[in-house]
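The structure under discussion appears below in the form of C-alpha cells.
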Amino acid sequence: MPDKRASMHDAVADLVRDGETVAIEGFTHLISFAAGHEIIRQRKRHLTLCRLTPDLIYDQMVAAGVADGLVFSWLGNPGVGSLHAIRRRLEGGNPLQIEEYSHFGMVGRYTAGAAGLPFYPLRSYQGSDLPAVNPKIVPIQSPYGDETVYAVPPLHPDVAIVHVQRADASGNAQIWGLLGCQREAAFAADRVIVVAEELVEEAVIRADPNRTVIPHAIVDAVVIEPRGCHPSYAQGYYDRDNRFYLDWEAISRDPEQLDAWLGEWVYGVASRQEYAEKLGAERWDELTPGPAPAAPVDYGSYQ
Amino acid sequence: MPDKRASMHDAVADLVRDGETVAIEGFTHLISFAAGHEIIRQRKRHLTLCRLTPDLIYDQMVAAGVADGLVFSWLGNPGVGSLHAIRRRLEGGNPLQIEEYSHFGMVGRYTAGAAGLPFYPLRSYQGSDLPAVNPKIVPIQSPYGDETVYAVPPLHPDVAIVHVQRADASGNAQIWGLLGCQREAAFAADRVIVVAEELVEEAVIRADPNRTVIPHAIVDAVVIEPRGCHPSYAQGYYDRDNRFYLDWEAISRDPEQLDAWLGEWVYGVASRQEYAEKLGAERWDELTPGPAPAAPVDYGSYQ
Amino acid sequence: MTVGYSPAEMMIVAAARLLEGERTCFVGVGLPNIACNLARHDKAPDLELIYESGVFGARPARLPLSIGDAALVTGSLSVTSMNELFSYYLQGGLIDVGFLGAAQLDRHGNINTTVIGDYHHPKVRLPGSGGACEIALNARKVHVIMRQSPRSFVSRVDFITSPGRVLDTVVTDLGLYRVEEGEMTLISIHPGVTAGDVQAATGWPLRVAPDLATTPAPAPHELRLIREELDPARVRSVKETVPDLSGSGDCAQDPERGSPHGLRWRPAG
Amino acid sequence: MTVGYSPAEMMIVAAARLLEGERTCFVGVGLPNIACNLARHDKAPDLELIYESGVFGARPARLPLSIGDAALVTGSLSVTSMNELFSYYLQGGLIDVGFLGAAQLDRHGNINTTVIGDYHHPKVRLPGSGGACEIALNARKVHVIMRQSPRSFVSRVDFITSPGRVLDTVVTDLGLYRVEEGEMTLISIHPGVTAGDVQAATGWPLRVAPDLATTPAPAPHELRLIREELDPARVRSVKETVPDLSGSGDCAQDPERGSPHGLRWRPAG
C-alpha cells in the first residue's frame, strides 16, 4: 500500500481548491480544527462548507472569509450559544448562501452520496416549513401503497476531511467513541484527507478490523496531527476544552476580538504543533482523561 | 435492566409460534444451529424462514418439516455444493413457497424493516429476470431527474434469532468479525432472541460500547448457549467445522440418511450441551483457534 | 419545612415526573438531561437515555457539556453511527419520548427553532432543526421545555421547524400545557404563579383547563438528588436561565436576550 | 522444460493475468480466490480483496473455505456490515473488478445461476444470485470463470440472474472470451485445445476473433506460487473440477453432474 503521509500544509494545498465543496465532519467529537485553520492560513476562497453542526470551526472559517456557502442542519455553539460570525452574515447584508436540512437529512445526504444512490428516503419534514425553503427536500411516494415519505439528494463533497484516533501510513483509519457520519462523508467525497491523532503500524489496524471506519482505497492524504481537534476532543486522548467554547461566545460577538483571535491563534502560528505548544502543557494536562480501557476481544488465529 | 435469561427450550417455546416468519441470521458466521435444532425438536410448523443463505440449518429445518416458505438470496452449501433437502422440495412435487432476492435485496429488506421505511432503494435487478419472478421487486423513479433504480419492501420477521459472542443478562450484545445483517434483522423483527456464546457482566459491555450490535431495548430473551453455532463458527471461539459441511453433501442427498441424522443429532439430544458433548472434546480441540487479540483501545475516563 | 427552589428546578422536576413508566428517551443537554437523570433515580428506574450523537444507555460520570460529550460515551451501552441511530432507533420506532426545546411555540403546538422574522431576511437566525424535526415526527410523544414569554408563546410561529403532531406536554417556568381540541391548554400552574402571570406571558387569549391544577412543588428528595447528585456544581439548575436543550442539542436560545434572564427564586409552596 | 498443469491451474493463471493494474477486486472462494492471490504475488501487488461478507483487504493465512471464512477476518484491514459493504464499497463505485461464476452463460454474456428449466418448475434448482446481480451492475467490470460445455455455453440462458452489461472476459477451461459487437467472441485458446474442441463445447455457432491468440501456458513461477504458497494442499487447483466461485460464493455448480468431471492434465505448451 502506498505511503500517503503529508504535512497539513501540503495536504490542504494539494487537495482543497478554491470554489469547492468541503466537508470537515465529526459530531462534536474529532472535529479537525487543525485542517480548518490551515484552510484559513492558505486563504482559500469561495468554499461551500458542509457540516451537520458548523460549530466554532466554520464560524472561524466564515469569519476569515473562506466561505461563500453553508450546508448544515444545526447552527450553534453546542451547549453554549450562538455562532455570531455566521449569524452576522445571515442577519446582515453580507450574504452567505445557505442550504438547510435536519440532522437526519444531512446524514441521509452523505449516505446517499456514499452509496451511489440518486436519493435518500426518510421520515421527516412532513408538516415542517423546511421543504418550503429548501426545494431539494421533496416528497416521494412509496411504490408499495400510497404512503409518502421525503427524499434528500446525495451530497458529494469535493473534499472530506476526517480526524481519527489512529491511522496507518496509507490511510486505513480507526475511530472509537462517537462515529457521527464520518464514514459516510468520506465515502461520499471525491477526495479524502485523513488526519490522525496517532500514526500506527498497519498491523495495529489489522489487529482490529471491525474498528476501521475508512479504508485506504478512498484516502488521498494522511496527516499525522496530534491534538488536531482542540478545542473539540478525541475520545481517550483529550477532552473538549469547554472553556474555549464558552470564551468563543464573547470573541465571536465582537468582530474586532474575532480578528485579533484569528491573528493570534491561526495566522500567527505556522502549524498545529505551534498552536498546541502555545496553548501550554498545563491546559493539556487539564484536558487529559484518566484510563478506561476497552474490554479485550480475541479474533482468533486461523491457520 | 431486567434479567431476560431463558433456556433455549423456553425461549423457543415462548417466542416462536407456528405459522410465523422467522429469521435466524448470520452470514456464514454465528449461525444459531442450536436455535434451529430446538425449533425442530419442538415440532414447530408452517414457518416462513428468512435468511440470505439458508445454509445447512434451513436445509435441516425444511427436511424436518417446520417450513412452508423460504425468503432468501443464495441457496447452497457454502464452498461445498447443494442443499439437497430444499432442492428436492423445489424440484419435486412437494411445494415450498419461495420468495427470492439478491443479497443486497435481502439486506435492503431488513434495513428498511429496521429503519421503519416503506421501501429500500438499490442499484440492482436492472436487466435481471428476478423482478419478473418476484413482483415485490419494483422499479422506482428518483425524484431528482428521471433515473430509475429498484426498490424492495421492508421485511419484518415475527422473530429474529441472533447468535453473538457475548451478551449481558438483559440482552446487550456484542459481535466481532463478520457482522452480516444481524443488527438490521434484529431491529426489523417484532421479537428478538439473543443467543450468546458467553454471558458477561454489564460492565464488560459498557467497557466497549462501539462493539454493541444489539441493545437490550429490543431483546425478548437471552439464551446462553456456548458452542451454539456448530458447524458454523464464532470468531475467536471456534472454527467452522468444514468436515461437517462436506459430510452434509452426502447426508442431505439421501432422505433416509438425513432422517437418521436428525434422529441422532437433533431429536436424539435434549439440548445443545448434549450435542456438544456428543461431538467430543477432540473435535472441539481441532476447531479451537490460536489467540489473535485485538489492539487495545482506551475510551478515557471523563469525570 | 420551607425549601427554596429555582424556576429551573421546578421545570426539571415537572419534566422528570412526565417520564414515569417510560423506557426510552431522546435527550438534549441541559435541563432535559438533569430531568431524565432525576427520573432514572426516582420514578423511571428503567429509563434509557438516547442521544442523537449515537449513544444509547448513557451513564455519564459528570454533567455532559453537550449531547456529544465524551462522558456520554465512556460507560454507555452502545455507540453507533448517526445513520444507524436515526434509522434504527428513532425512525424504527424505539423512542418513547423526545424532549425538544423551542424559541417559539404556537397555539397549535408547532415549534420554531429556525428564525425570528422572514427566513430569507431573518431578524434573528436561530440554530435550526438539528434532529428536532425527525424527533417530532418519529418519537411516540414529545415534551417541550421552554421559558415562556409573549415573544416565545405566540399565536403563530414565524417558521414551523418541527410540527407539534405528537406534542404531549409543554413545561415552562410558569406551568404545564397540553394540546386539547387542537389548542394549547394550560393544565397546571406552578406554585406562586397567578393566572394573570400566565396570560401576560402568552401571546394569545389562553385556553385554561376547567380542572386546572397546581403543580406540586419540588419535593425535598427531588431537590436533594438534583443538588447533590445530578448537578452538584449547579451548572444548569440554577445558573441556566434559558433552557439550553432539545433532542437536538441547543435549539432554545432566547432570540433577543442580551444577558441572562435572572429568573427569580421562589419559596416552596 | 515441460511442466504439467491442470485445467484449473490454467484458468487460475489466465484469471490472475487479467488483474494486472487493478486495485480492488470482489472475490469469490475457490479459483478466483487463488487467482486474486496469485495476482497479488505477481502482477497486481496493490490489489485489495473484497468479500461480500464484509471484508476489505483480507490476508488469509489459509485458503478460505468460504467467502465468510474466519481466516478472511483475522488480519484484514476492515470488516463492516453487509449493508455498508454493498452500499459504500460496491454501489458506491469502489470495485474495479468482480469475479462471477455461471452455471449458464449465453451468447450475449448474460449469466444464469438460478435455474435450469422453468423458474416455477425447475429441472435443476441452482443457488440463485447471492450478490452476483448487484456485482454485475455495479463493478466497473466483471470477469466470469466457468467450465465450458454445450450445456453451460448456451445460445440463451434459461434465466438471466445477472446481466452481462459490464462483462469483460470469460475464462473457461478451453479459452478466453470477450463480448464484441454484442456477441461472445473467442479471443484466445488454451494450449492443446483445438478450434473444434471449443465449438463442440459451445451451444451456438461461435464467433472467433480474427486475431485469435493462444493463451500463454502457466509459467513456472506462476505454478510454483500456486502450488507452494497459495494452495499447497491442492484443495482447489487440482481437485476442484467445477469452479466453485463467484462474487457471491458458489454459484457455479454444474447443474447435472453426478460425480466430478475429472478434467485431464495437459502438458505445458
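Protein chains in written order, with our numbering: chain P, 29 to 331; chain Y, 29 to 331; chain A, -1 to 267; chain U, -1 to 267. Ideal Cβ placement from N, Cα and C applies to all residues, glycine included.
Item, Value
"Can you list the alpha helix (DSSP H) stretches of 4 or more residues lying completely in the region 27 to 94 of chain A, in chain order?", "29 to 39, 68 to 71"
"Counting only beta-carbon separations shorter than 8 Å, does I189 (chain P) have a partner in chain U?", "no"
"When the Cα atoms are used, what is the spatial distance from E305 (chain P) to S299 (chain P)?", "10 Å"
"My understanding is that P182 (chain Y) touches A140 (chain Y), with C-beta atoms under 8 Å, so please give their C-beta distance in whole angstroms.", "4 Å"
"For my contact list, A6 (chain A) and L29 (chain A) are in at a C-beta cut-off of 8 Å; report their separation, rounded to the angstrom.", "6 Å"
"Return helix, strand or coil for Q285 (chain P), following the three-state DSSP convention.", "helix"
"Measuring alpha carbon to alpha carbon, tell me which residue in A:R60, A:R123, A:E82 is nearest E119 (chain P).", "A:R123"
"Helix, strand or coil: which one does DSSP assign to K164 (chain P)?", "coil"
"Which residues of chain Y have a Cβ atom closer than 7 Å to the Cβ of L63 (chain U), listed in chain order?", "G107, R268, N270"
"For Y261 (chain Y), which residues from the same chain have a beta carbon less than 7 Å from its beta carbon, with the 5 sequence-adjacent residues on both sides left out?", "H57, D267, R268"
"Against chain U, does Y153 (chain Y) count as a neighbour if the rule is that its beta carbon must be under 8 Å from one of theirs?", "yes"
"Is G245 (chain A) helix, strand or coil by DSSP?", "Note that G245 (chain A) scores 33 on pLDDT, short of 50, meaning its location in the model is unreliable and no value can be drawn from it."
"Taking only runs that begin and end inside the region 212 to 271 of chain Y, name each unbroken beta strand (DSSP E) of 3 or more residues, in chain order.", "219 to 227, 240 to 242, 249 to 252"
"Please list the partners that V166 (chain Y) has in chain P, where partner means a Cβ-to-Cβ separation under 9 Å.", "P171, Y172"
"Pull up the CB-CB distance for S74 (chain U) and V53 (chain U), whole angstroms please, since I reckon it's below 8 Å.", "5 Å"
"Under a three-way DSSP split, which group does N105 (chain Y) fall into?", "strand"
"Measure the CB-CB distance between A95 (chain Y) and L111 (chain Y) and report whether it falls below 8 Å.", "no"
"Below 8 Å on the Cβ atoms is my guess for P148 (chain U) versus A199 (chain U); work out the distance and round it to an integer in Å.", "6 Å"
"Looking only at its own chain, which residues have a Cβ that is under 6 Å from the Cβ of E178 (chain A), when we skip the five neighbours before and after it?", "none"
"Tell me, please, whether the CB atom of Y117 (chain A) is closer than 8 Å to any CB atom in chain P?", "yes"
"Any beta carbon of chain Y sitting closer than 8 Å to that of I187 (chain U)?", "no"
"Rounded to whole angstroms, what's the CA-CA distance from L92 (chain U) to V187 (chain P)? Just pull it up for me.", "17 Å"
"For a quick check, are the C-beta atoms of I109 (chain U) and A137 (chain U) less than 8 Å apart?", "no"
"Which word fits E175 (chain Y), buried or exposed, when buried means at least 16 other C-beta atoms lie within 10 angstroms of its C-beta?", "exposed"
"What's the gap between the Cα of N31 (chain A) and the Cα of D166 (chain U)?", "58 Å"
"What residue range does the beta strand (DSSP E) around I114 (chain A) cover?", "113 to 115"
"Does the region 151 to 162 of chain Y come within contact of the region 189 to 198 of chain Y, defined as at least 3 CB pairs closer than 8 Å?", "no"
"The beta strand (DSSP E) spanning A179 (chain Y) covers which residue range?", "176 to 180"
"Please name the residue in P:I246, P:V44, P:E253 whose C-alpha comes closest to that of Q210 (chain P).", "P:I246"
"Quick one: using the 10 Å Cβ neighbour count with 16 as the cut-off for buried, is S153 (chain U) buried or exposed?", "exposed"
"Would you call H131 (chain P) buried or exposed, if buried means 16 or more other Cβ atoms sit within 10 Å of its Cβ?", "buried"
"In this structure, how does DSSP classify E128 (chain P) when only helix, strand and coil are distinguished?", "strand"
"Go ahead and label H188 (chain A) buried or exposed: buried means 16 or more other beta carbons lie within 10 angstroms of its beta carbon, across all protein chains shown.", "buried"
"F55 (chain P) and L158 (chain P): beta carbons closer than 8 Å?", "no"
"My understanding is that Q26 (chain P) touches G328 (chain Y), with C-beta atoms under 8 Å, so please give their C-beta distance in whole angstroms.", "Since the first and last residues shown for chain P are 29 and 331, residue 26 (chain P) lies out of range."
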